[in-house]
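A quick write-up on the structure given underneath.
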Amino acid sequence: MGGTLKGTAMLVYRDMKYQFVMFSLITLFVAFVFLMIGLFIETPIQAGVIFGPFYGLISVFGASAYVTSFRYAMGFGSTRSLFLKVFYTLGILFVIVVMLFLNILYFIMEGLYDLGITRVSLFHIGNVTSFQKGFFPYLWVDIMIGICLLGLVFFVTSLWYKYGFIRISIGSIILGVIAFLLLYNIGFQAAFQWMAHINHFTLFTGIGLIGLITLFSTYFFMRNAPLSYRSKKG
């Protein structure tokens, strides 16, 4: 059991490491470009965005699990249940590490802006909240969004993997219509006003909880999942 656990963890970690290195290089390059731009312009601007690649990284990691590490883990004798537990644990840790790296880079860039070394200020999702600008509040925002992305993407991918494209498409359309009707009856303006006035810490914590719920809920229908996509079976 110990060897199987270690092997499964190493397979998931290998994918995490490869994707993290690749997207980190992209993010560092984007940050470097903004730094160079800021050295040569005269008017300070807030136009830089560096969180995109890492948000994309988490989405790719959640979507690619069944294509990469899942099949190899099954081939080496792991179980679906064990794979899911390992993925949940390492996935959440992965989000924390990724967002920690992102925010360290962000505040280094902002420190250079405050010192007048560069004239490009980076945009952070935390800028649109009521949080006072600081490392830990902004880190919390990113972690909650990251967990939500991981959970939602892995949830949708799991449904697609088990039930196939056609069923998921039909289900998505039905859910979309239901959501639209609910918002229509409640009132779009009232819904947006409620979101605008809700405590932002509560809002982003709720976003993170949605991610955790969708992530962990996959266990109940994926612990007996097939070894290949449903769509491949016709």
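Numbered according to the UniProt record's numbering, the sequence shown terminates at residue 234, and the numbering increases by one at each position without gaps. The C-beta atom is built at its ideal place from N, Cα and C for all residues, glycine as well. Note that the structure is a prediction, hence the values are computed from the model and not measured.
Inset, instruction - Ignore the nearest five residues each way along the sequence and tell me which others in PRO44's own chain have a CB closer than 7 Å to its CB. - result: Listed in chain order, the non-local C-beta contacts of PRO44 below 7 Å within the same chain comprise ARG119 and SER121, local neighbours out to five positions each way being set aside.
Legend entry - Reference SER64, options TRP140, GLY91 and LEU82, closest by Cα: Measuring C-alpha to C-alpha distances from SER64 to each of TRP140, GLY91 and LEU82 identifies GLY91 as the nearest.
Inset, instruction - Please state whether DSSP places GLN132 in a helix, a strand or coil. - result: Reduced to three states, the DSSP call for GLN132 is coil.
Inset, instruction - If I'm right that PHE83 touches PHE70 with Cβ under 8 Å, what's the distance once you round it to whole angstroms? - result: With a beta-carbon spacing of about 6 Å, PHE83 and PHE70 fall inside the 8 Å limit used to define contacts.
Inset, instruction - Verify whether the separation of the beta carbon atoms of ASP15 and THR68 is less than 8 Å. - result: For ASP15 and THR68, yes; Cβs fall inside 8 Å.
Inset, instruction - Count the other C-beta atoms from every protein chain shown that fall within 10 angstroms of the C-beta of ASN103, then say buried if there are 16 or more, exposed otherwise. - result: Label assigned to ASN103: buried.
Inset, instruction - Check whether the stretch 35-43 touches the stretch 51-63, counting contact only when three or more Cβ pairs, one atom from each stretch, lie closer than 8 Å. - result: No contact exists between the stretch 35-43 and the stretch 51-63.
Legend entry - Distance CB(THR214)-CB(GLY146) smaller than 8 Å: The answer is no: Cβ separation not under 8 Å.
Legend entry - One or two residues paired with VAL120 in a DSSP bridge: Bridge partners of VAL120: ILE45.
Inset, instruction - Just the C-alpha distance for SER78 and ASN199, rounded to the nearest angstrom, thanks. - result: In a straight line, the C-alpha of SER78 is about 43 Å away from that of ASN199.
Inset, instruction - Quick one: using the 10 Å Cβ neighbour count with 16 as the cut-off for buried, is TYR138 buried or exposed? - result: Residue environment analysis places TYR138 among the buried positions, since at least 16 neighbouring C-beta atoms fall within 10 angstroms of its C-beta.
Legend entry - Of the listed residues VAL33, LEU5 and ILE170, nearest to MET74 (C-alpha basis): Closest option to MET74, Cα to Cα, is LEU5.
Inset, instruction - Might you give, ordered along the chain, the residues of its own chain that have their beta carbon closer than 8 Å to the beta carbon of ILE50, omitting 5 neighbours on each side? - result: Answer for ILE50: THR27, VAL30, ALA31, PHE34, LEU102, LEU105, TYR106, MET109 and LEU122, listed in chain order.
Legend entry - C-alpha gap between GLY208 and VAL141, whole angstroms: Straight-line Cα distance between these residues: approximately 9 Å.
Legend entry - For VAL97, the nearest candidate out of TYR55, THR202, VAL128 and PHE201 (CA to CA): Of TYR55, THR202, VAL128 and PHE201, the residue nearest in Cα terms is TYR55.
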